[in-house]
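Residues in the sequence shown are numbered consecutively from -13, following my numbering. Below: the structure, in structure tokens.
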Amino acid sequence: MHHPAQSGAHTVINRFCIYKHPMRISGGSDMTAFMVFADEHGNVYDHPELQLIARSGNELFTPDDDELIAIPKHTQLFMMRDRMPIGWNERKRRIEVVDEVNGRECYAVAAFLPPGYLRTLLPAWHVRNSARILPLWAYTAVGWHGDHFVVAAMKVDETERWNPDNYDIEAIKPKIEVALERYPHNRLLHHLARCAIEYGCYNAMNVFYRRWECGIPVAPACNANCIGCISQQPLNTCPASHERITFVPTVDEIAEIAIPHLMEAEQAIVSFGQGCEGEPLLHAELIAKAIQEMRCATTRGTIHMNTNASMPHELRKLCEAGLDSIRVSINSANPDAYHAYYRPQGYTFNDVVNAIRIAKALGVFVSINLLIFPGVTDVESEFNALAHFIESTGADMIQLRNLNIDPDYFIAQMQIHNSPAMGLRAFIQHIKTAFPNIMLGYFNKPREEFMAR
């Protein structure tokens, strides 16, 4: 899809565009990054003159040195067909839109980071009138410096279990065939096989590798209507990233997968609440029975659930049944912003807070899955709300996760207005200073790791 940027290999015709956005220019740098763009074939070039412009919320600016890192291995570059690249002309002191290259249309470029990296800035572009809503990816600012691509990102988790080098779809196909031959009537196993092969889902692949964290989806329905839901989207928006599970598995179907995994896998985690399902708490009775089956068979491994924590009483049942850890997703600890994104049906943010308190009181390890959007998450009011939330719940860990969504669509839906952002690096440092004992990272932890704190 992309090729190394080719410096100076083009003639560029620029169209000047005046933006109403604020524009901030960095105070000089030895690491000037230049704008990149793609041609119609997906070849990526760097501009010989225009500097990289990035975006934080609604603000455009040229990034400072400390915002950019060399592009990590396994980063994907996307050609944005409905969006034109923009750059900063230092000589003319203006923003310019690059609409043509040698008489042909050119396109903006965005990066998608590998697991463990947090996006700190968004790409900047000029949207064409006919632009469609983008698929659900975490679009990241990318430029060119010297002889390599640079991205606006920081590594927030060194765990190697999620390194893409550890996952090979072709190599795992024989393991999938063996598993399906052994359990030919297990619908859940067939579903996970599809997730592994079609979507490259790491949690599904780990079922067949029999290692680390394996996914156990159970819920076709949900009690939230998240703007960025990756398994269900309205027809007039963008395609969902995954097809949601269409059935509720039985306890036996769950146990056939989960018990051998807990007994045999290295750093074993059995994880309810996956990207291909709704809300697992809607099936708390089923999960409680499955947990009891697991714990009758073995005390080994971690039983975990990713959840919106919307049903405190149902979560209590699961904690009492033997749940070891939960990860609760929020986009904001501000109730209004939370409700605007999650659009909950039959619960409120206060239910989430109460559910976490119950889990903590019962000795369950609690991670907060903080869905981060540059220029929105890292404003002072959001930090203050998050700090109060941590204090009131006693959460053990913050997982710093990129929110996968079209940036323009998200800002329009959430009605985001300009608000000064401290920057995500400063935001994270504030968390560390205010809560020195809280864990920060990106991935779920096995019990042996969080119990060793």
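Cβ atoms here follow ideal geometry from the backbone N, Cα and C, with glycine treated the same way.
Val338 sits in a helix when the DSSP states are folded into three classes.
Using a 10 angstroms sphere on the CB of Asp310, the tally of other CB atoms reaches 16 or more, which defines it as buried. Unbroken alpha helix (DSSP H) stretches of 4 residues or longer found wholly inside the stretch 276 to 325: 298 to 307, given in chain order. Under the three-pair Cβ rule at 8 Å, the stretch 163 to 180 does not count as touching the stretch 135 to 149. Taking C-beta separations shorter than 8 Å and ignoring five residues to either side along the sequence, the partners of Glu144 in its chain run Gly102, following chain order. Taken in chain order, the whole beta strand (DSSP E) runs of length 3 or more contained in the stretch 36 to 104 are 40 to 42, 45 to 47, 54 to 56, 62 to 66, 69 to 75, 80 to 87 and 94 to 98.
Counting C-beta pairs with one atom in each stretch, the stretch 222 to 231 and the stretch 109 to 126 have three or more that are closer than 8 Å, which means they touch. When DSSP states are grouped into helix, strand and coil, Asp151 belongs to the helix group. Assignment of Asn404 by DSSP, reduced to helix, strand and coil, places it in the coil class. Around the beta carbon of Val87, a 10 Å sphere encloses 16 or more other beta carbons of the protein chains shown; the residue is thus reported as buried. Inclusion of Arg77 and Tyr93 in the CB contact set at 8 Å is not warranted, their separation being larger than that value. Pairing Thr236 with Met297, the inter-Cα distance amounts to about 22 Å. In the three-state reduction of the DSSP assignment, Phe429 falls in the coil class, being assigned neither a helical nor a strand state. If the five residues before and after Ile216 are omitted, its C-beta is found closer than 7 Å to the C-beta atoms of Leu122, Ala226, Ser227, His228, Gly261 and Asn390, all from its own chain and listed in chain order.
Pairing Ile277 with Ile289, the inter-Cα distance amounts to about 8 Å. The continuous beta strand (DSSP E) containing Phe20 extends over residues Phe20 to Ala24. Assigned with DSSP and collapsed to three states, Tyr395 falls in helix.
The beta-carbon separation of Ile155 and Gly186, rounded to 6 Å, stays under the 8 Å limit for a contact. Inclusion of Glu377 and Met408 in the CB contact set at 8 Å is not warranted, their separation being larger than that value. By a beta-carbon distance limit of 8 Å, Val84 does not contact Pro100. Their separation comes to about 28 Å.
Only buried fits Ser257, as 16 or more other CB atoms lie within 10 angstroms of its CB.
As for any beta strand (DSSP E) of minimum length 3 sitting wholly inside the stretch 209 to 278, the runs are 255 to 258, ordered along the chain. Straight across, the Cα-Cα distance linking Gly43 with Ala117 is about 19 Å. Within its own chain, the residues whose Cβ lies closer than 7 Å to the Cβ of Gln331, once the five positions on either side in sequence are excluded, are Asn209, Ala210 and Asn211, listed in chain order. Pro220 sits exposed, since fewer than 16 C-beta atoms from the chains shown fall within 10 Å of its C-beta.
Nearest to Tyr195 by C-alpha distance, out of Asn222, His131, Tyr169 and Val164, is Val164.
For Leu104 against Arg41, the beta-carbon gap comes to about 16 Å, at or over 8 Å, which does not count as contact. With a threshold of 16 other beta carbon atoms within 10 Å, Phe98 meets it and is buried. Looking from the CA of Ala19, the closest CA among Ser353, Glu53 and Gly287 belongs to Glu53.
With fewer than 16 other beta carbons inside 10 angstroms of its own, Cys282 counts as exposed. In the structure shown, Thr106 adopts coil according to DSSP, grouped into three states. Distance between Leu386 and Asn317, taken at the CA atoms: about 11 Å. A straight-line Cα-Cα distance of about 11 Å links Arg313 and Tyr428. Counting along the chain, the unbroken beta strand (DSSP E) around Met383 starts and ends at Met383 to Asn388.
According to DSSP, residue pairing for Tyr31 in a beta bridge involves Phe23.
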